[in-house]
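In this text, residue positions in the sequence shown follow full-length UniProt numbering: the first is 1, and each later residue adds one.
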Amino acid sequence: VSCKKRLCSATTISSLERSDRKLSSSAMGWLTRFLTAVAFLAAGVIFSPETFGSLSKGENPAKVLIFVKLAHLLSFATAWGAALWATFIGGIIMFKNLPRHQFGNLQSKMFPAYFTLVGSCCAISLSAFGYLHPWKSSSTVEKYQLGFLVSAFAFNLTNLLVFTPMTIDMMKQRHKVERENNIGDEVGWSKNREKAKTIPKLAAMNKKFGMIHGLSSLANIFSFGSLAMHSWYLAGKLDL
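Structure representation (structure tokens):
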């Protein structure tokens, strides 16, 4: 009976994982097309602003300028706030309080949404800033800011399309090995590290996962740093 239960459980988990992969693949395809379109729009606004009615001589209607500035400010604020929360607050709290497999499964759902949100907001901020400060007529400082916004967008796009799928796939493979060894329902890494000492396959998975996750985290930090540089620029422009 016990064997049948384990077999049934394994079959159910495998079926759910296949279904999840299909849904994830479909969602990633849609997100890729959406962000590609947004990226081309942003590039068009920056390098060919006249197509969208932008004028570098200050002739834009006042209402349009206010709308564009509002779009830039709200999108930047959303990206900054989401990055701050996910990087330094929410993720740490969840890791310290959730069973590790629950934490990993939750992160596998949150990260695609997080990078899509921040990437989209960066693209909108970039488009708005490019509209207000066309590349051909912008100052050196303004070109640096365009560079920071491009960097933030690129790092999030790389995370969404490259590192996140790799991390999730590696995580699921490791979860399978851990379930076979009755670990993963605890909080923290203690049991994983102990088992890895006697299971070479798990140790190798830990190493590979750490490398991929490290690159993802590095890209996320670089994105946050780019947004931080732009926040410093905006602070210098505020008149409170």
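All C-beta atoms in this analysis are idealised placements derived from N, C-alpha and C, irrespective of residue type, glycine included. Since the structure is predicted, the reported quantities are computational estimates derived from the model, not experimental observations.
Contact annotation: the region 123-142 does not touch the region 87-101, with fewer than three C-beta pairs closer than 8 Å. Selection Trp189, Ile124, Val118, Lys237 evaluated against alanine 219 yields Val118 as nearest (Cα-Cα).
In this structure, the straight-line span from the alpha carbon of glycine 147 to that of isoleucine 66 is close to 23 Å. Apart from the 5 residues on each side of it in sequence, glycine 210 has no Cβ closer than 6 Å to any other Cβ in its chain.
In this structure, histidine 230 sits near glutamine 145, with a CB-CB distance shorter than 7 Å. Between the region 175-192 and the region 154-166, the count of C-beta pairs closer than 8 Å stays below three; the two stretches do not touch. Per the C-alpha coordinates, the member of Ala62, Asn159, Gln173 positioned closest to asparagine 105 is Gln173.
Isoleucine 183 places its beta carbon 7 Å or farther from that of lysine 197.
With contacts defined by Cβ atoms closer than 7 Å, methionine 170 and isoleucine 221 do not form a contacting pair.
The alpha-carbon separation between alanine 77 and proline 112 amounts to approximately 19 Å. Our two residues, leucine 161 and valine 141, have alpha carbons roughly 30 Å apart in a direct line. In the structure shown, the three-state DSSP call for lysine 197 is coil. Here valine 187 carries a coil assignment [DSSP, helix/strand/coil]. A direct Cα-Cα distance of roughly 19 Å separates serine 216 from glycine 81. DSSP places serine 120 inside the alpha helix (DSSP H), whose first and last residues are 100-132. Taking C-beta atoms as the reference points, phenylalanine 224 and threonine 116 fail to come closer than 7 Å. By a beta-carbon distance limit of 8 Å, alanine 83 contacts leucine 227. Their separation comes to about 6 Å. Out of Trp135, Ser138, Val150, the CA that lies nearest to the CA of alanine 123 is found in Val150. Following the DSSP letters along the chain, one finds isoleucine 89 in no alpha helix (DSSP H), marked with neither H nor E.
Between the C-alpha atoms of alanine 62 and leucine 70 there is a straight-line separation of about 12 Å. In the same chain as threonine 167, and ignoring 5 residues on each side of it, the C-beta atoms closer than 6 Å to its own belong to Ile212, His213, Ser216, in chain order. Each residue's CA atom was taken as its position, placing glutamate 178 and tryptophan 232 some 45 Å apart. Membership of leucine 157 in the alpha helix (DSSP H) is indicated by the continuous run 140-158.
Cβ atoms of methionine 94 and phenylalanine 103 come within 8 Å of each other, at about 5 Å.
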